[in-house]
Amino acid sequence: MKIVQRLLFAFSLLFAVSLSAQGLTEGGDDKYKPSIGQEGKDVIWVPTGDELVTNMLKIAKVGPSDLVYDLGAGDGKIAIAAAKEFGATAVGIEFNPEMAALGQRNAERAGVSKKVKIIQGDIFKEDFSKATVVTMYLLPELNLKLRPTILKMKPGTRVVSHAFTMGDWEADAEVDSPARAYFWVVPANVAGDWTLTNFDAQGPATLSLSQHYQRIGGSLLIDRRSQPLLNAKLTGTKMEFSYKDRNGNFRTAQVTVNGNTLKGDDKGGYVQNEFTGVRR
Numbered sequence: 000m001k002i003v004q005r006l007l008f009a010f011s012l013l014f015a016v017s018l019s020a021q022g023l024t025e026g027g028d029d030k031y032k033p034s035i036g037q038e039g040k041d042v043i044w045v046p047t048g049d050e051l052v053t054n055m056l057k058i059a060k061v062g063p064s065d066l067v068y069d070l071g072a073g074d075g076k077i078a079i080a081a082a083k084e085f086g087a088t089a090v091g092i093e094f095n096p097e098m099a100a101l102g103q104r105n106a107e108r109a110g111v112s113k114k115v116k117i118i119q120g121d122i123f124k125e126d127f128s129k130a131t132v133v134t135m136y137l138l139p140e141l142n143l144k145l146r147p148t149i150l151k152m153k154p155g156t157r158v159v160s161h162a163f164t165m166g167d168w169e170a171d172a173e174v175d176s177p178a179r180a181y182f183w184v185v186p187a188n189v190a191g192d193w194t195l196t197n198f199d200a201q202g203p204a205t206l207s208l209s210q211h212y213q214r215i216g217g218s219l220l221i222d223r224r225s226q227p228l229l230n231a232k233l234t235g236t237k238m239e240f241s242y243k244d245r246n247g248n249f250r251t252a253q254v255t256v257n258g259n260t261l262k263g264d265d266k267g268g269y270v271q272n273e274f275t276g277v278r279r
């Protein structure tokens, strides 16, 4: 509890700087007027500035086919912007019932109530597993508490956090203006040994992968000869790595992972080869 209190105090200092940087003002209506800095469940309320909201949704490439969940939705600003500016369907989860009701009224005033729902609930109890995009402006401790849940979501799910990171889960990209935000893509689980078929003309090959979130490395065994993977990277379910074939030619494999199977294209020079793989 003391840790949360210290974080809240530090956050209160941070939001004072954020207010001047982003020109934030208090909102509300005749039924409820929240106050910037008011305490909520484990957090204080500070709305994200309009420009940063747009930049957060842009870096996540939000579009009409997306379902956006905003965790700690406040007055509904991010969920409303996702629908109004990008055409997405959005759900905001807000613990304060008066704030949640205000957010829904704001969605109605913005003309997006058919696409936006602001619900009263606890972000650690509500199910947001169907989201294609998750946004949040929480404290570092809460981000870490949510991280295991987020990492279990469908690979390829996009996540954006205003101001705070996910600990040692390194961000895929960052927003620098007008304030800081961090972007991740939930990675597929690819660690282990994979038997590749049709990868090498003279027999099966073995792909061995190690993984730390989206950072991957490993080796490729062809004809009993092992070599390290080059330029290996993973984004959601998409994986890419380079290697040298048995003739010393430099090749690049682009792979899509689906649970314990994979499909890929292997390219080098004018030759392209399709292959499959199964995790042992």
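Residues in the sequence shown are numbered consecutively from 0, following numbering that gives the first Met the number 0. A virtual CB, placed ideally from N, CA and C, is assigned to each residue, including glycine.
The C-alpha of ALA162 lies about 49 Å from the C-alpha of ASN246.
In the three-state reduction of the DSSP assignment, LEU143 falls in the helix class.
The closest CA to that of ALA106, considering only GLY263, ALA72, ARG279, is found on ALA72. Judged by DSSP in its simplified three-state form, ILE122 adopts coil rather than helix or strand. Only residues of its own chain outside the window of five on either side were considered, and among them PHE240, SER241, TYR242 have a CB closer than 8 Å to the CB of LEU229, listed in chain order. A check of alpha carbon separations from VAL174 across GLU50, SER34, GLN37, ASP41 identifies GLU50 as the nearest. Put simply, of THR251, ARG224, LEU208 the residue whose alpha carbon is nearest the alpha carbon of ARG279 is LEU208.
The DSSP-derived three-state label of MET152 is coil. A straight-line Cα-Cα distance of about 30 Å links LYS83 and LYS144. Taking the CA atoms as reference points, VAL184 sits about 31 Å from PRO96. If the five residues before and after ASN259 are omitted, its C-beta is found closer than 7 Å to the C-beta atoms of VAL277, ARG278, all from its own chain and listed in chain order. Judged by DSSP in its simplified three-state form, GLY71 adopts coil rather than helix or strand. Among the bridge pairs identified by DSSP, GLY267 is matched with VAL270. Following the DSSP letters along the chain, one finds PRO177 in no alpha helix (DSSP H), marked with neither H nor E.
Taken through DSSP and simplified to helix, strand or coil, PHE182 comes out as strand. In this structure, THR156 is the residue among THR156, SER225, ASN272, HIS211 with its C-alpha nearest to the C-alpha of ALA59. LYS116 is a Cβ neighbour of ALA89, given a cutoff of 9 Å. Uninterrupted alpha helix (DSSP H) stretches at least 4 residues long and entirely within the region 46 to 117 occur at 49 to 58, 76 to 85, 96 to 108, given in chain order. ALA200 has its alpha-carbon roughly 51 Å from the corresponding atom of VAL52. Annotated as proximal: LEU56 and ALA80, with beta-carbon spacing under 9 Å.
Check the Cα spacing between GLN210 and each of GLY191, LEU195, THR196: the tightest is with GLY191.
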